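The next block holds one structure in the form of structure tokens; read it before the comments.
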Ligand code: ACO
């Protein structure tokens, strides 16, 4: 007699979080002093008032995205009480991979000492973690995986034009990770992803590698005001769509973790959802914008601080180049 297969877990659930910041921390004053040596003028006052950023972390010349990702992943595994050998899926969101190929996910897989499970990168710029989490959730719910590492890792300092004060003060480096496991109960309640390629040009790094040369400009370009206007609108619509899919209301949200790019965008989003600002997790002040790493980093900081607790309902929201945006609503 053949036994019937075990029923598939219908949901996925985060069982551990972890993060990693490079040691080198620059306050706005530190950065302003470095920029002054290039004849680029900025100030702590301007940066804090327009963005809410007070400091950021930058890698040193020897560190890559995988160095940050591996530590974040190990911390998430420890928090989940899992061994690397139990992981059967790795998805890593980054726009600053170690190499053109193979994927940074494969490099992390090797450094975790595991082999065989699928590992791939997701490229959705600052929405990358929300995209990666949505893909991992789908793969777990279909039975393609049971224990996933979902990582956001970035070294945006490598893409910055330190002669452009409108962008170089905004970004930082870091990594965050979660372990996502199959579960009989949610976990992830609903997800919502979007992209609109008509806006490719408002936030991009247009260069590429060709014939051993860099073709085009390999530094970050941004139309800050165009990004700002789009971001507030899509963050509200993604949150509302996700709540509707889950049959929940904005009042059910215990914690809102939007992409950490600019405190004014984050406050605007909370206001549109009529959420009090004390439900907003803010790390942009200490990390700057770490692109795909910003959401899992903020989640881990809040979990470590004992603010977000098991059972809390959390809304994660990404927005970034592409233009891409999306949201994930979950019970921790
Ligand atoms: N220090 C001092 N002055 C500055 C600086 C700086 N670092 N940067 C710009 N300025 C000056 C400008 O030169 C300009 O001076 P001028 O009036 O003499 O010409 C003045 O400040 C105003 O510049 P704006 O660009 O109009 O400033 P704004 O209020 O729009 O703020 C900012 C710029 C902070 C970039 C804002 O547009 C913004 O936050 N946009 C959204 C950016 C964002 O969130 N990007 C990431 C989201 S997606 C992703 O994460 C990849």
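Numbering (the working numbering), first residue to last: 5 to 336. Virtual Cβ for every residue (Gly too), placed ideally from N, Cα, C. Here the structure is a predicted model, which is why all the values come from computation and not from measurement.
- In this structure residue 217 is exposed. Its beta-carbon is surrounded by fewer than 16 other beta-carbon atoms within 10 angstroms.
- Listed as beta-bridge partners of residue 262 by DSSP are 321.
- Taking each of 309, 324, 303 in turn and checking the Cα distance to residue 18, the smallest one comes out for 303.
- Residue 94 sits in a strand when the DSSP states are folded into three classes.
- Per DSSP, the unbroken alpha helix (DSSP H) holding residue 270 starts and ends at 267 to 276.
- In this structure, residue 74 lies away from residue 137, with their beta-carbon atoms at least 8 Å apart.
- Around the Cβ of residue 151, a 10 Å sphere holds 16 or more other Cβ atoms; the residue is buried.
- When only Cα atoms are considered, residue 114 and residue 120 end up about 10 Å apart.
- Here residue 224 really is in contact with residue 209; their C-beta atoms are around 5 Å apart, less than 8 Å.
- In this structure, the alpha-carbon of residue 198 lies about 6 Å from that of residue 328.
- Excluding sequence positions up to five before and after residue 247, its CB lies within less than 7 Å of the CB of 253, 254, 333, all in the same chain and listed in chain order.
- Looking at the DSSP output, residue 177 sits in a beta bridge with 159.
- Residue burial annotation: residue 167 is exposed, with fewer than 16 other C-beta atoms found within 10 angstroms of its C-beta.
- Under the three-state reduction of DSSP, residue 192 is assigned to strand.
- Excluding sequence positions up to five before and after residue 314, its CB lies within less than 8 Å of the CB of 336, all in the same chain and listed in chain order.
- The beta carbons of residue 157 and residue 72 sit closer together than 8 Å.
- The beta carbon of residue 91 sits closer than 8 Å to the beta carbons of 81, 116, 118, 121, 151, 152, 153, 183 from its chain, once the five residues preceding and following it are set aside; these are given in chain order.
- Under the 10 Å beta carbon count, residue 38 is surrounded by fewer than 16 other beta carbons and is classified as exposed.
- The C-beta of residue 108 has 16 or more other C-beta atoms within 10 Å across all chains shown, which makes the residue buried.
- Around residue 169, the same chain offers 44, 46 as residues with beta carbons nearer than 6 Å, after the five sequence neighbours per side are excluded.
- Its Cα nearest to that of residue 230, the residue 323 stands out among 105, 29, 323, 311.
- Residue 100 and residue 125 have their C-alpha atoms roughly 11 Å apart.
- For residue 283, no pairing in a beta bridge is given by DSSP.
- The closest heavy atom of the ligand ACO lies 7 Å or more from the beta carbon of residue 315.
- The beta carbon of residue 208 sits no closer than 7 Å to any heavy atom of the ligand ACO.
- By the neighbour-count criterion, in which a residue is buried when 16 or more other Cβ atoms sit within 10 angstroms of its Cβ, residue 128 is buried.
- Note on residue 185: 16 or more other CB atoms within 10 angstroms of its CB, so buried under the neighbour-count rule.
- Non-local C-beta neighbours of residue 279 in its own chain, meaning closer than 8 Å and more than five positions away in sequence, comprise 254, 257, 260, ordered along the chain.
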